[in-house]
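>
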Amino acid sequence: MKKITTSMILALLSCSMLGAVSKPSSLSDGKSETEKQIQQYNAEKEAAAAAADAKESAVEGPVVVTEDVIVYTSNANQPEGNLSAFGTYFVSVKAEGSLVQLKSFVGNEKRKYWGYGAELAANANLYKDEGDNWGIDLYVPLDYRYSRIEGGNFHQFEFPAYLRPYLRVPLEGLTFTLFAEGGAGGLMTHMTDMATRTNVFWAMGGGIEIGFLNDFSITPKYMYKSAQTKSLENDVGNLNAYMAPQQEISVEFAWRFQQNMALLVSYTYTIWDNKYNSDIIKVNQDHKLGVGVRFQF
Numbered sequence: 000m001k002k003i004t005t006s007m008i009l010a011l012l013s014c015s016m017l018g019a020v021s022k023p024s025s026l027s028d029g030k031s032e033t034e035k036q037i038q039q040y041n042a043e044k045e046a047a048a049a050a051a052d053a054k055e056s057a058v059e060g061p062v063v064v065t066e067d068v069i070v071y072t073s074n075a076n077q078p079e080g081n082l083s084a085f086g087t088y089f090v091s092v093k094a095e096g097s098l099v100q101l102k103s104f105v106g107n108e109k110r111k112y113w114g115y116g117a118e119l120a121a122n123a124n125l126y127k128d129e130g131d132n133w134g135i136d137l138y139v140p141l142d143y144r145y146s147r148i149e150g151g152n153f154h155q156f157e158f159p160a161y162l163r164p165y166l167r168v169p170l171e172g173l174t175f176t177l178f179a180e181g182g183a184g185g186l187m188t189h190m191t192d193m194a195t196r197t198n199v200f201w202a203m204g205g206g207i208e209i210g211f212l213n214d215f216s217i218t219p220k221y222m223y224k225s226a227q228t229k230s231l232e233n234d235v236g237n238l239n240a241y242m243a244p245q246q247e248i249s250v251e252f253a254w255r256f257q258q259n260m261a262l263l264v265s266y267t268y269t270i271w272d273n274k275y276n277s278d279i280i281k282v283n284q285d286h287k288l289g290v291g292v293r294f295q296f
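What follows is the structure, encoded as structure tokens:
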């Protein structure tokens with residue numbers, strides 16, 4: 000009986016020792032799993048923070064670029080982005096159709112002739128203040144026109160250079176650009192069975208450009224042109240191209256359909272009168288419609 004009791008006691012002690020040994024092992028394993036969970040949580044937290052930083056950087060990038068663009072193009076006294084041809088560099092090309100109304104001194108006869116032409120123009124800014132509120136441009140329009148008059152082919156080519164000082168006046172989302180225009184240039188004419196004639200003419204005038212809705216502008220303008228020469232009457236040997244004093248009233252509409260490109264539509268009405276006494280025709284009115292594109296830099 001004593002032996003059994005001792006064996007039982009020994010067995011109980013063995014079980015207790017085994018339980019004591021296994022308990023720290025279980026605790027150790029539990030602690031290792033917890034550490035793994037903590038490490039995984041920290042890793043996920045760091046990954047989320049890195050993703051948030053990357054997303055924030057991606058958003059901030061364009062904002063910085065946009066702000067740089069605004070600094071370059073904005074005008075404190077002008078609605079941002081309004082289309083304007085002044086204070087810039089551009090090249091424009093335009094196709095033109097014209098209706099010439101002729102009036103003869105003999106019998107006061109009136110005739111109409113259709114014609115066509117083209118204009119290639121360039122503009123360069125010579126000076127503007129820091130805010131582009133005022134400045135001066137150099138404008139060079141090269142103009143060619145053709146019409147068949149009185150059975151003959153008539154060609155005319157103008158190549159002037161104009162200075163255009165301008166002043167911007169902003170008002171309620173609009174940009175008003177007042178400008179003057181003046182200069183001189185060459186004139187060349189040729190008609191069937193007549194010698195090619197050349198001359199120098201001068202012109203002056205002005206107008207106002209109205210920019211609105213960011214991508215549109217309309218520009219009414221008045222010009223006076225003249226070349227001081229003798230008339231063609233009884234002067235076969237005169238090689239000066241004749242230009243009667245003429246007045247031009249025009250309006251040009253522009254629509255910016257791309258960042259640096261604008262569609263142009265223009266109408267020009269010209270009236271003049273040859274004052275010399277002759278039985279040859281005199282040109283009274285000229286209607287010219289033009290469509291083209293302006294490339295702005």
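In numbering that gives the first Met the number 0, the protein residues as written are 0 to 296. No residue lacks a Cβ here, since even glycine has one placed at the ideal position from N, Cα and C. All figures in this text were calculated on a predicted structure; none of them were measured in a lab.
What does the alpha-carbon distance come out to for the pair A48 and E32?
Within the sequence shown, numbered from 1, the residue matching residue 48 stands at position 49. Within the sequence shown, numbered from 1, the residue matching residue 32 stands at position 33. When rounded, the distance between both Cα atoms is 24 Å.
> Tell me E95's beta-bridge partners as DSSP assigns them.
For this step, residue 95 is matched to residue 96 along the sequence shown. Paired residue(s): G116 and G289.
> Excluding the 5 residues preceding and the 5 following V90 in the sequence, name in chain order all residues of the same chain whose CB lies nearer than 6 Å to its CB.
Within the sequence shown, the letter at position 91 stands for residue 90. Correct list, in chain order: A121 and F294.
> Across the segment 209-216 and the segment 172-185, are there enough close Cβ pairs to call them in contact, namely three or more that are closer than 8 Å?
The answer is yes - the segment 172-185 touches the segment 209-216, with three or more Cβ pairs under 8 Å.
> I'd like the list of long-range same chain contacts for P61, defined as Cβ closer than 7 Å, with 5 residues on each side in sequence excluded.
Within the sequence shown, numbered from 1, the residue matching residue 61 stands at position 62. Per-residue confidence for P61 stands at a pLDDT of 47, beneath the threshold of 50, marking its modelled position as unreliable; the derived number appears in the next sentence. If we look at P61 and ignore the five residues flanking it on each side, it has no Cβ neighbours.
> For L52 and E95, I'd like the C-alpha separation in whole angstroms.
Mapped onto the sequence shown, residue 52 falls at position 53. Mapped onto the sequence shown, residue 95 falls at position 96. Looking at the sequence provided, one finds Asp at residue 52 rather than Leu. Cα to Cα, D52 sits roughly 58 Å from E95.
> Could you tell me the distance, in whole angstroms, from the CA atom of S146 to the CA atom of A243?
Within the sequence shown, numbered from 1, the residue matching residue 146 stands at position 147. Within the sequence shown, numbered from 1, the residue matching residue 243 stands at position 244. So the two alpha carbons sit approximately 18 Å from each other.
> Using the Cα positions of K44 and Q258, report the straight-line distance between them to the nearest angstrom.
In the sequence shown, the residue the question calls residue 44 occupies position 45. In the sequence shown, the residue the question calls residue 258 occupies position 259. One C-alpha to the other measures close to 44 Å.
> Going along the chain, which unbroken runs of the beta strand (DSSP E) with 3 or more residues stay wholly within the segment 129-187?
Listed in chain order, the complete beta strand (DSSP E) runs (minimum 3 residues) inside the segment 129-187 are 133-148 and 151-170.
> For M155, is the classification buried or exposed, using 16 other Cβ atoms within 10 angstroms of its Cβ as the cut-off for buried?
On the sequence shown, residue 155 is found 156 positions in, with the first residue counted as 1. Note that residue 155 corresponds to Gln in the displayed sequence, not to Met. By the neighbour-count rule (16 or more Cβ atoms within 10 Å), Q155 is buried.
> Decide if K109 is buried, meaning its Cβ has at least 16 other Cβ atoms within 10 Å, or exposed.
Here residue 109 corresponds to residue number 110 of the sequence shown, with the count starting at 1. Classification of K109: exposed, given that the 10 Å Cβ count is below 16.
> Does DSSP put E32 in a helix, in a strand, or in coil?
Walking along the sequence shown from the start, residue 32 turns up at place 33. Here E32 sits in helix by DSSP.
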